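Here the protein sequences line up with chains B and G, keeping their order.
Per this note's numbering, the first sequence runs over residues 1076 to 1466.
Per this note's numbering, the second sequence runs over residues 3 to 951.
Remarks on the structure that follows.
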Amino acid sequence: MTRQQSFDRIVLLANDVDRLGGVGRFINEMALGFHSRGYETELVGVSPPPAGHRQVVQRPAEIVVRTLMPESPPEDWVLRSDADKRDKARVARHERRFELREIAVAQLRELIEFWGPRTLIICTQVYGMEHMLEAGYDADDSSHPRVIGQYHGSFTGAQNTGNDLRRVLKAYDTVDRSVFLTAAYAEEFRKKGLNNTYWVPNPVATPAHTEKERSNTFVALGRYDEEKSLHYLLAAWNEVSEQLPDWRVELYGEGPLRPQLQSMIDDRSIPRAQLMGKTDQVGEVLIGSKVHVLTSQVEGLPIAIVEAGLLGVPTVAFDCSPGIRELIDSERTGLVVPKNNVRELSEAMLSLAEDHETLSSMSEACAAESKRYAPGKILDQWEDLFFQMSR
Amino acid sequence: MQDIETSTRESVCDDEIWGPEGQPLVTVIICGFNDEANIANAIRSVLNQTLHATEAVVVDDCSTDETFDRASAIANEEPRVRVFRTEHNSGGPGAPRNIGLAEARGAFVMFLDSDDVLERHACYNLLRTAETSKSELTMGRTGRFEVATNRHFGWHARLYREEAHYTSIEDNPEMAIDTISVAKLYRRDFIDRLNLRFLENMHYEDLVFTAEAFAGARGISVIPEKVYQWNVYPVKVRKSITNQRDDIKNLQHRKIALKRVMELAPRNVVPNLHDRLQLKIIRHDTRIYLNDIADKTYRSIAPDVLAELRSLILSVPEHVIDLISTSEKLLMAAALAMDVDLVIRMINVARGIYDIYGELASDADSSLWEPSVFGQFPVGSLERRLATFDPRELADIPWYNFKWFNRVDKVTIDAHNLLTIKGETPDPFSKFAGGDVSTRVVIRERWGHQREWTAPFNFTRTESGWINWTVEFQFPDAIDMAIRPKLSVRLELSDGISYSLQPLRAKQKFAGARQMTTPKGLLQRASNVRYQPYATGVGTLALRSARINKRRRKVREYLDPILARSSARLQDRYDPLEPSVRATEGARIIGASKDAVDEHLVVVESHMGTSQFDSPRDVVDELKKARPDLKVIWSAAQDQRWTPGRDDIVVRHTVDYYRTLAKARFIIDNQSLPDGFVKRPGQTYLQTWHGIPIKRMGFDEDSFAFASAETAENLQRKIDYWDYLSVPSTYFKETFVPAYRYQGELLPLGSPRNDILVREGTDTAAAKARLGVDPSRSTVLYAPTFRKPGRTSLELDLKELVDSLGDDVQVMLRPHYLNRIKVPDQYRANVVDVSAVGDTARVLLAADMLVSDYSSIIFDFLSLDRPVILYTFDFEDYVSSARGTYFDLRSHRPGPLVATQEELVDAIREVVSGSDRFAGERRAFRDRFAGVEPGDSAQTTIATIWGGK
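See the structure below:
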């Protein structure tokens, strides 16, 4: 009944593997890192990524990839009203969902035994841990793997997203560590009674790019939706565009609010503002821009700020969650303005566009600062944590 | 001591057992005696620590059951467990723990009792903090778990809100009141440096051990994590040593321990700790035994306990006793006099159940409490000194904040269901129902339709200052037989402006507890609904439906559908619609209304039905004079103090509310009618708005510019309903009117609610008297705006404020209703919570100065031309947050902006001394933003709207 000094195998357990987006990038980056440092590495998705959200990823064959459910669980399955219960298709979806969950849990039951105590599971979302618990995972059983639970959002985000807060507090109560993205988030969960909090930020690699000349562009990268609330950027730009005749605004993304944003540009004749659509050339877009603007209503630790920073593009952002100030040292590596304050946002944009010296010093400062999140450094932090867990 | 180490495994390589450091980091010492049921759990909780390098040293105090064997069995399997045994039973945890200390091999040590468990991450969390802070003592949170009821309770939780580090206990002596030796991580070299050991052969060894540790620790850290679960077992099952308070020896042991504590934490070395522990004797150690007496447990030894406590209280230095509040002093006096009845009374006072009462022998500024008892002690004796207090401390509490002991003596119910309640209320400070204050009893359904009835409360005052009272209440025939709610019975004191509801106090077995109402009518008789008076768990009189037998229950099941139907008939009138359907359902009801608009019906709503004051009231009062033919109906949210017994009320959001709105010819409002209101042709809507804005509002809010069309249209629809808008100033006209895109008629006639300020603004003394505050003292009104709940809602240290302002200033506190703050009982004469006063204007009239921040109350107060101080401790946060302001308070200000309590006190003192440096700026501010109130706004408003008719 003794414990090894470190782990032989690392399993990254996520909702799904190879899905487009932040967590998808994270598990892939981490799997490559752990593999290169000599750990046996597995990627486990509870279900396949939903259609249209899958990305193709090349990785070494030794990294085992498993998917617990044979297909994505159907949506629109909740049976609330009597009408729902009479809807046969819905009832079938409901049943299928539970069948799939049972399949996933059964697989996990076997895997828990197979993996054994020298495996560390990094559970990247609370959903996976809920399946683990259903599969009979017992943190006090020394024949079971060790588990780290991770939460990729902010504390406020957890409060505002369905039952997230309650689910995190419940599912991660007994895991060996609960890892959050920043010290501030960890502290808030700590105050809520979680006794195993720790924090490690996500790694951010420099986006692929070619060297080229920057143009006078404010750039935004985010979905056209209420959460990213890009209309604030348009409104702020509208206040100062006359004073900046050689500057422009480019909004990269897609989403349900495209018609509203477009009609806002048209109705108010906002000059030099364009909805660019989706891009897979983030590096190229950033390297050609001068200022990144983030008008989100809620964020975790937005990697867009770091990605822009790595390419020397400072960010102007709303003060929408503690993660923003974690990434931007306002006045030095970028500017943080009060949330939803259009006037201050426009003043910030104007001041950067007009002051070349400040802009170029911010550009250098944010580039240097962003290297903190280099994948190698983040992996070191994870291995520090593994060491602490072996004490 | 006999060393029976059962699990030496020399063959196992150390770093395989202990991880990378090759040795135990934390030793958890578990002591147990005859605890075979729990010992394994305790050990397992150590082995399951996420800090693997944790060892368990179990010391059995010669158990006669299998405790030792069970521990040894685990040790045979687990090299991280070692088991020892005392030579002979020592009778307490001290000796076993000392053995554990001698055997511990970790660099840090913790203690665990065999019937408790460590939280899974306890050692990791404590160690991590201890290592980074280098503290010798690291403390974590303890949770108490009541095994019998399966419920969790806190333990000094407020000490563990967040991580903290102190260089010595002198920095925060408050920590020392957590005197248990468990849930703390001790550095091994600290224990050795002080040679810390437990006293053996005595109880309360923890008090002594922790006092010595606190006094000597270099570096104390505190973490918010729960580290320890203290399992509380029912007294009958197992009585822990310190719970045996039925034996006088228990108190004697505590006294010996406390004496040793004071020696180990000497005043000349650790003065703060020493004084805090002395205070703890009064507040905690003594109190435990006095509570027992009040709760009538261990009654037989009460005289012995009081005798022992006497010398304990007398051992506390007088400068510490001086720190306690008046009610605590009287409690100590009662204890020293060994008077059980007075102890019980004062325990109830200390628990906040009612205020101090008793016979008083008073001269100018001091009263001797219960002179028949304390008059016998010599002048200058501690007893007499403790029993003497300044009566103003109670006399200066306004009547609406006073808590009377309304003792129910007898309840009778006659054959016609007339309830008669007789009782007495002591009133030594002559505060009961003086002046305009009237009394009655309010009976309220605790759930269901929440209807209310009132009944007269008649009283006479006896020569000795007691109120003899009688309540006669005709029990309603139309009781709700389906829901059968409990009924609260409370005494209401009111002058029509302020309201106070007081419970009637009944003993568990009071005269009349078996009385019952007689069922009226066929259905009541069939289902046998009888109400009877009873004493609630907190000792208040209430009424509930009496139990029925099985056979009758069957009958009721049968009758239920009929009963439910009769209950449902009350819904339209009393039950608000569900929030999710209000908008659609309200609009539907109004749309379906076939009644014509009633030319004589006026519906009035103030602050969404939560008030009967502000401008709507002033307009209505004048309107009733000018147009006595009109019928006025008030909209009231559920459970308002001002509604019982009135027939001109409609409950907000009920079906009847929307029906009434549909028929109203005139609507008077100061905020906003609900979304479900749809204006009908022929209706006239007067909007008097409740304040002048500082922050951006309406469509000026940045967020609104991009709100969905639906939201914007809904707001515009509601604004377009207004026909007239009261406009107090040009500034209001220039900001508010465009912000709401209001197109209707403007009434630039001032604010009706401020008429009274113009009319009565010269007689502050009368206004103070009317409000129940002391006319001879200066008054400071503190009215902060709404702060997000959860943040420090009030940046004010009340004790500090009271001390620094002195006796000649009374503070009136009017927090936003969502940020209610509890004024501790002992400060109520100096800090008056005026939340119970319904009419803000009455409070403004009684205030010599206003302290506020960004509240529109400032503009109203300017009508009085009295000094204003802006306590803007969070100026940056507040003003620069999302919404933005219409002007900068720093460049236009009605008074000084202060950011700290110190500056605030200086500013207040300056005004109290007669200076009014900011008069010029204030008047300029008033003229620019608030406007000059004409004083006849209500009349001119009425003349404009109703003049032609």
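From the three backbone atoms N, C-alpha and C, an ideal C-beta is built for every residue, glycine too.
All values reported here derive from a predicted model rather than from experimental measurement.
Just verifying my parser: in three-state terms, what is the DSSP assignment at residue i?
i: S502/G; result: strand
i: P428/G; result: strand
i: C33/G; result: strand
i: F875/G; result: coil
i: L495/G; result: strand
i: V443/G; result: strand
i: N470/G; result: strand
i: L384/G; result: helix
i: D1015/G; result: Coverage of chain G is limited to positions 3 through 951, which leaves residue 1015/G absent and any answer about it impossible.
i: R928/G; result: helix
i: D656/G; result: It should be noted that the sequence gives Thr, not Asp, for residue 656/G. Three-state DSSP puts T656/G in coil, outside helix and strand.
i: W1152/B; result: coil
i: A884/G; result: Because A884/G carries a pLDDT of 46, less than 50, the predicted location of this residue cannot be relied on, and the following value inherits that uncertainty. Correct three-state label for A884/G: coil.
i: M1207/B; result: helix
i: Q812/G; result: strand
i: D1239/B; result: helix
i: H418/G; result: coil
i: C1198/B; result: strand
i: T538/G; result: coil
i: F211/G; result: helix
i: N233/G; result: strand
i: D411/G; result: strand
i: Q1349/B; result: strand
Does the Cβ-Cβ distance between residue i and residue j come in under 8 Å?
i: W471/G; j: G425/G; result: yes
i: I31/G; j: F113/G; result: yes
i: G1097/B; j: H1284/B; result: no
i: L783/G; j: L852/G; result: yes
i: T1370/B; j: Y1307/B; result: yes
i: S569/G; j: I485/G; result: yes
i: G763/G; j: I499/G; result: no
i: V322/G; j: D287/G; result: no
i: N40/G; j: S116/G; result: yes
i: G514/G; j: T414/G; result: yes
i: L565/G; j: L625/G; result: no
i: L1427/B; j: L1410/B; result: yes
i: F216/G; j: A178/G; result: yes
i: Y1260/B; j: F1293/B; result: no
i: T52/G; j: Y168/G; result: no
What whole-angstrom Cβ distance do residue i and residue j have, given they're in contact under 8 Å?
i: S939/G; j: D757/G; result: 5 Å
i: G1224/B; j: Y1247/B; result: 4 Å
Segment contact flag, the stretch 1255 to 1275 of chain B with the stretch 119 to 127 of chain G, C-beta cutoff 8 Å, min 3 pairs: yes
At least three beta-carbon pairs within less than 8 Å, the stretch 366 to 373 of chain G to the stretch 390 to 408 of chain G: yes
Contact between the stretch 748 to 766 of chain G and the stretch 719 to 736 of chain G (3+ Cβ pairs under 8 Å): yes
Touch test, the stretch 1184 to 1203 of chain B against the stretch 1154 to 1164 of chain B, Cβ-Cβ under 8 Å, three pairs minimum: no
Chain B contacts from the stretch 30 to 55 of chain G (Cβ-Cβ distance under 7 Å): N50, T52, L53, H54, A55
Sufficient close CB pairs (3 or more, under 8 Å) joining the stretch 629 to 640 of chain G to the stretch 653 to 668 of chain G: yes
Positions along the stretch 1254 to 1282 of chain B whose CB lies within less than 9 Å of some CB in chain G: E1262, R1265, K1266, G1268, L1269, N1270, N1271, T1272
Contact residues within the stretch 1404 to 1419 of chain B, judged by C-beta distance below 9 Å to chain G: P1413, K1414, N1415, N1416, V1417, R1418, E1419
At least three beta-carbon pairs within less than 8 Å, the stretch 590 to 603 of chain G to the stretch 678 to 691 of chain G: yes
At least 3 beta-carbon pairs within less than 8 Å: the stretch 1274 to 1281 of chain B vs the stretch 1340 to 1347 of chain B: no
The stretch 190 to 210 of chain G in contact with the stretch 90 to 110 of chain G per 3-pair CB rule at 8 Å: yes
Interface residues of the stretch 107 to 127 of chain G facing chain B [CB-CB below 9 Å]: E121, R122, H123, A124, Y126, N127
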